[in-house]
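Engineer:
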Amino acid sequence: MTDIIRTENLSYAYPPDEGKEPVPALTGVDLTIEPGSFVVVLGHNGSGKSTLAKHMNAVLLPTGGRVLVDGIDTAEEESLFEIRRRVGMVFQNPDNQIVANVVEEDVAFGPENIGVPTEEIRRRVDESLKAVGMEDFLLHAPHMLSGGQKQRIAIAGVIAMAPQCIVLDESTAMLDPSGRQEVLRTVSWLNREQGITIVLITHHMNEAAYAHRVIVMDHGRVAMDGPPKEVLTRSKDLRRLGLTPPPTVELLSALSEAGWNVPLDAIEPEECAQAISKYLGA
Amino acid sequence: MLKDITLGQYFPGTTPAHRLDPRTKLILVVLYIIALFAAESFVSYGLMALTLCLCVAVSKVPPKSLIKGLKPVLFILIFTALLNVFYTPGRILWQWWIFRVTIEGIFTAFFMALRISLLIMGTFLMTYTTSPIMLTDGMESLMNPLKKLHVPVHELAMMMSIALRFIPTLIEETDKIMSAQKARGADFETGSLLQRAKAMVPLLVPLFISAFRRADELAVAMECRCYHGGEGRTKLKVLRYRGIDYTAFSLGALILAGVIVLARFGL
């Protein structure tokens with residue numbers, strides 16, 4: 025099977041201000057993202073994680089190396105719509121990506137653009153809204169919804185284009201904790217039940233626990249890459265990269281330093297509590 | 207406080223007036239305006255007023271809200287009526303200095319005021335019974351032939367619907383900025399007109415900057431969803447004329463013909 029996204033020695037520098045040297049935002053990034061996976065990309069501000077995301081559906085084009093989406097080079101201008109159909113993008117600010125003033129019209133926007141027949145659009149709109157659990161809001165005005173609901177509408181708008189992959193570029197950053205939960209639950213459901221590849225860009229460490237794979241970016245390079253249990257337990261490395269390890273990891277490592285025999289990779293709170301109670305009971 | 211502003215003032219409903227195709231309503235409003243200008247005297251104006259009353263009754267829009275719509279133009283209404291009263295030549299009824307009231311003047315003034323009021327109430331009735339999206343859709347579809355003359359019809363309609371979509375967002379934002387400025391001691395409510403206008407500057411600058419940023423982000427988001435103009439675009443809702451539209455068209459044409467005939471006889 026072809027990788028849904030593949031970057032080969034990807035480099036990018038933003039066009040510099042006049043008279044200044046261009047600052048590289050990405051240097052030599054080699055990544056492959058397999059179909060059906062759930063990848064979380066972490067990194068502190070300015071680590072290049074958002075720039076990387078924007079390369080995944082040709083919003084930005086590499087200044088060095090190349091990016092392949094389902095085998096198509098993103099630099100091929102004539103394949104632009106093919107690429108964007110395969111990889112949908114959800115952005116940070118929910119208000120600035122909703123186009124229409126009725127929910128169903130907004131979800132229909134993408135399919136309308138690619139010329140899907142009317143009856144098919146209807147079907148897709150209803151299905152997508154059901155997939156994100158917003159079918160009761162079909163005729164609502166988007167500005168009356170909560171942040172989490174708006175992001176779910178934005179996700180529905182992407183699903184309606186039947187993509188293979190959804191990239192969420194810090195889509196949870198502006199949401200309150202319950203909104204963040206809504207979005208995370210929605211995307212993990214889509215990943216599990218519909219096999220859609222998810223790339224979640226975030227700086228919230230605890231969101232990484234949902235993933236199959238965690239990539240940590242630093243200074244435009246991939247600094248760490250592996251399953252969450254492996255990456256998130258490397259507290260020292262995470263700190264060095266400007267990230268705070270999840271509280272569960274901190275607790276467990278403190279306990280083990282104090283001589284407790286607990287596993288270090290019980291990342292999720294539930295799991296962590298069980299590990300501790302097991303130790304205490306034993 | 208800003209949230210109270212209602213725009214477009216659409217009264218949702220399911221009456222025949224709401225169910226008409228937006229294009230039908232737009233065309234009927236044009237016919238209505240033509241008929242208003244063709245109207246000559248009491249009988250024809252009476253027919254027009256009756257038409258409007260019937261439409262209002264069918265639409266179940268509260269008549270009060272229509273009359274409220276006249277408020278902003280009240281000044282213009284009175285001003286034109288007065289000019290007509292004093293400056294229409296004819297049989298003099300009363301004269302003082304340069305002011306001269308004629309019988310013809312009184313009639314013209316009355317009809318002029320009636321015409322403007324009916325005109326405004328009629329168009330308001332359309333916006334009250336048609337949602338803004340339907341209205342833009344209808345306009346886009348009606349203006350379609352202009353595409354041949356390279357008029358960017360789709361783009362205009364898109365701009366209009368995006369503007370409508372962002373009005374509540376920007377109002378909310380204005381509210382937020384105002385609160386932030388007030389918290390730091392800004393005063394928007396007292397002082398002379400000039401002072402108050404000056405106080406608006408620190409409000410408008412951040413509002414504009416954020417609006418431009420929003421526009422930028424929205425453009426990228428739209429492109430990511432494969433937006434590339436009206437070419438090859440399909441629609442979730444396709445406008446279709448139905449029986450009710452043809453009935454409305456026939457009635458409209460009948461009334462217009464009636465008014466023109468009545469006007470020929472000077473009625």
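Line by line, the protein sequences give chains A and B.
In this text, residue positions in the first sequence follow the working numbering: the first is 25, and each later residue adds one.
In this text, residue positions in the second sequence follow the working numbering: the first is 207, and each later residue adds one.
Using N, Cα and C, we set each Cβ at its ideal position, and we do this for glycine too.
Using three-state DSSP, classify A:W213 as helix, strand or coil.
Structural biologist: The residue labelled residue 213 of chain A in the question sits at position 189 within the first sequence. Residue state, collapsed to three classes: helix.
Engineer: Between B:A363, B:R225, B:G472, B:F217, which has its C-alpha nearest B:G449's C-alpha?
Structural biologist: The residue you call residue 449 of chain B lines up with position 243 of the second sequence. The shortest C-alpha separation from B:G449 is found at B:R225.
Engineer: Pick from A:A184, A:H228, A:A180: whose alpha carbon is nearest that of A:L199?
Structural biologist: Taking the first sequence and counting its residues from 1, the one referred to as residue 199 of chain A is at position 175. Of A:A184, A:H228, A:A180, the residue nearest in Cα terms is A:H228.
Engineer: Closest by CA to A:T75, which one among A:T51, A:F161, A:D289?
Structural biologist: Position 51 of the first sequence, counted from the start, is the residue given in the question as residue 75 of chain A. A:T75 has its Cα closest to that of A:T51, out of A:T51, A:F161, A:D289.
Engineer: Quick check for students: name the residue ranges of the beta strand (DSSP E) that lie wholly in the stretch 245-313 of chain B, counting only runs of 3 or more.
Structural biologist: The stretch 245-313 of chain B contains these whole beta strand (DSSP E) runs: 298-302, 305-308.
Engineer: Looking only at C-alpha atoms, which of B:I239, B:A469, B:R446 sits nearest to B:G344?
Structural biologist: By one-based count along the second sequence, residue 344 of chain B stands at place 138. Comparing Cα positions, the closest option is B:R446.
Engineer: Keeping to the same chain, check which residues put their C-beta closer than 8 Å to that of A:G219; ignore five residues upstream and five downstream.
Structural biologist: Residue 219 of chain A sits at position 195 when you count from the first residue of the first sequence. Excluding sequence neighbours, A:G219 sits near P59, G60.
Engineer: Anything in chain B within Cβ reach of A:V273, meaning under 9 Å, just list it in chain order.
Structural biologist: As a working note, residue 273 of chain A is residue 249 in the first sequence. The contacting residues do not exist; A:V273 stays about 35 Å from chain B at best.
Engineer: Please tell me whether A:A37 has its Cβ less than 8 Å away from any Cβ of chain B.
Structural biologist: As a first step, residue 37 of chain A must be located in the first sequence, where it is residue number 13. By this cut-off, A:A37 is not an interface position.
Engineer: Who are the Cβ neighbours of B:I282 in its own chain at under 8 Å, not counting the five residues just before and after it?
Structural biologist: Here the question's residue 282 of chain B lines up with position 76 in the second sequence. Closer than 8 Å at the Cβ level, and outside the excluded window around B:I282, lie I322.
Engineer: Which residues in chain A have a C-beta closer than 8 Å to the C-beta of B:E310? List them in chain order.
Structural biologist: In the second sequence, the residue the question calls residue 310 of chain B occupies position 104. Residues of chain A passing the Cβ test: none, with the nearest at roughly 49 Å.
Engineer: Quick check: the Cα distance between B:R439 and B:E429, rounded to an integer number of angstroms?
Structural biologist: The residue given as residue 439 of chain B occupies position 233 in the second sequence. The residue given as residue 429 of chain B occupies position 223 in the second sequence. In a straight line, the C-alpha of B:R439 is about 14 Å away from that of B:E429.
Engineer: Helix, strand or coil: which one does DSSP assign to A:I190?
Structural biologist: Taking the first residue of the first sequence as 1, we reach residue 190 of chain A at position 166. A:I190 falls in the strand class under three-state DSSP.
Engineer: According to DSSP, is B:R448 part of a helix, a strand, or is it coil?
Structural biologist: The sequence position of residue 448 of chain B within the second sequence is 242, counting from 1. DSSP places B:R448 in coil when its eight states are reduced to three.
Engineer: On the criterion of 16 or more Cβ atoms from any shown chain inside 10 Å, does A:N285 qualify as buried, or is it exposed?
Structural biologist: Here residue 285 of chain A refers to the residue found at position 261 of the first sequence. By the neighbour-count rule (16 or more Cβ atoms within 10 Å), A:N285 is not buried but exposed.
Engineer: Taking only beta-carbon atoms, is A:F62 less than 8 Å away from chain B?
Structural biologist: Your numbering for residue 62 of chain A matches position 38 in the first sequence. No, because no Cβ of chain B sits closer than 8 Å to the Cβ of A:F62.
Engineer: Could you check if B:T220 is buried or exposed, using at least 16 other CB atoms within 10 Å of its CB as the buried criterion?
Structural biologist: Stepping through the second sequence from its first residue, residue 220 of chain B is reached at position 14. Answer is exposed; the Cβ neighbour count stays below 16.
Engineer: Would DSSP call A:G171 helix, strand or coil?
Structural biologist: What you label residue 171 of chain A is simply residue 147 of the first sequence in a count that begins at 1. Here A:G171 sits in helix by DSSP.
Engineer: Chain B partners of A:E129, CB-CB under 9 Å?
Structural biologist: In the first sequence, counting from the first residue as 1, residue 129 of chain A sits at position 105. Chain B residues near A:E129: I339, S367, L442, K443.
Engineer: On the criterion of 16 or more Cβ atoms from any shown chain inside 10 Å, does A:N33 qualify as buried, or is it exposed?
Structural biologist: As a working note, residue 33 of chain A is residue 9 in the first sequence. Answer is exposed; the Cβ neighbour count stays below 16.
Engineer: Could you pull the start and end residues of the beta strand (DSSP E) that A:L84 belongs to?
Structural biologist: Counting from one through the first sequence, the residue named residue 84 of chain A turns up at place 60. Element bounds for A:L84: n/a, residue is neither H nor E.
Engineer: So, for A:P287: in the same chain, excluding its five sequence neighbours on each side, which residues have a beta-carbon less than 6 Å away from its beta-carbon?
Structural biologist: Taking the first sequence and counting its residues from 1, the one referred to as residue 287 of chain A is at position 263. Counting only Cβ-Cβ distances below 6 Å, and skipping sequence neighbours, we find A299.
Engineer: Using 8 Å for Cβ pairs, my map puts A:V13 next to A:V64. What's the rounded Cβ distance?
Structural biologist: Absent from the structure is residue 13 of chain A, since the part of chain A shown begins at 25 and ends at 306.
Engineer: From the beta carbon of A:T142, is the nearest beta carbon of chain B less than 8 Å away?
Structural biologist: On the first sequence, residue 142 of chain A is found 118 positions in, with the first residue counted as 1. Taking Cβ atoms only, chain B reaches closer than 8 Å to A:T142, which makes this a yes.
Engineer: Helix, strand or coil for A:G305? Go by DSSP, reduced to three states.
Structural biologist: The residue you call residue 305 of chain A lines up with position 281 of the first sequence. Note: A:G305 maps to helix in three-state DSSP.
Engineer: In chain A, what lies closer than 7 Å to B:A427 by C-beta?
Structural biologist: Mapped onto the second sequence, residue 427 of chain B falls at position 221. Simply F115, N120, Q121.
Engineer: What does DSSP give as the partner residues of A:P141 in its beta bridges?
Structural biologist: Along the first sequence, one-based indexing puts residue 141 of chain A at 117. None; A:P141 has no bridge partner.
Engineer: At a CB-CB cut-off below 8 Å, which residues of chain A make contact with B:H434?
Structural biologist: For this step, residue 434 of chain B is matched to residue 228 along the second sequence. Simply F105, N137.
Engineer: Start and end of the beta strand (DSSP E) containing A:A49?
Structural biologist: Working through the first sequence from its first residue, we reach residue 49 of chain A at position 25. Here the beta strand (DSSP E) through A:A49 covers 48-57.
Engineer: Taking beta-carbon pairs under 8 Å, can you tell me which members of the stretch 370-403 of chain B lie near chain A?
Structural biologist: Within the stretch 370-403 of chain B, the residues whose Cβ lies closer than 8 Å to some Cβ of chain A are L370, R371, P374, T375, E378, listed in chain order.
Engineer: May I ask you to report which of helix, strand or coil DSSP gives A:R146?
Structural biologist: Residue 146 of chain A sits at position 122 when you count from the first residue of the first sequence. Note: A:R146 maps to helix in three-state DSSP.
Engineer: What are the boundary residues of the beta strand (DSSP E) that includes B:L344?
Structural biologist: For the purposes of this step, residue 344 of chain B is taken as residue 138 along the second sequence, with counting starting at 1. The sequence as given places Gly at residue 344 of chain B; Leu does not occur at that position. Run containing B:G344: none in the beta strand (DSSP E); it sits in the alpha helix (DSSP H), 338-349.
Engineer: Roughly how many whole angstroms lie between the Cα atoms of B:L299 and B:L289?
Structural biologist: Position 93 of the second sequence, counted from the first residue, corresponds to residue 299 of chain B. Position 83 of the second sequence, counted from the first residue, corresponds to residue 289 of chain B. Those two C-alpha atoms are separated by around 16 Å.
Engineer: Rank A:Q173, A:T142, A:N120 by C-alpha distance to the C-alpha of B:E379 and give the top, closest one.
Structural biologist: Along the second sequence, read from residue 1 onward, the residue named residue 379 of chain B stands at position 173. Here the closest residue by C-alpha is A:N120.
Engineer: Rounding to the nearest angstrom, what Cα-Cα distance links B:A405 and B:I240 in this structure?
Structural biologist: Here the question's residue 405 of chain B lines up with position 199 in the second sequence. Here the question's residue 240 of chain B lines up with position 34 in the second sequence. Rounded to whole angstroms, B:A405 to B:I240 spans 45 Å at the Cα level.
Engineer: Which of helix, strand or coil does DSSP assign to A:M198?
Structural biologist: Here residue 198 of chain A refers to the residue found at position 174 of the first sequence. In the structure shown, A:M198 sits in coil (DSSP, three-state: anything other than H, G, I, E or B).
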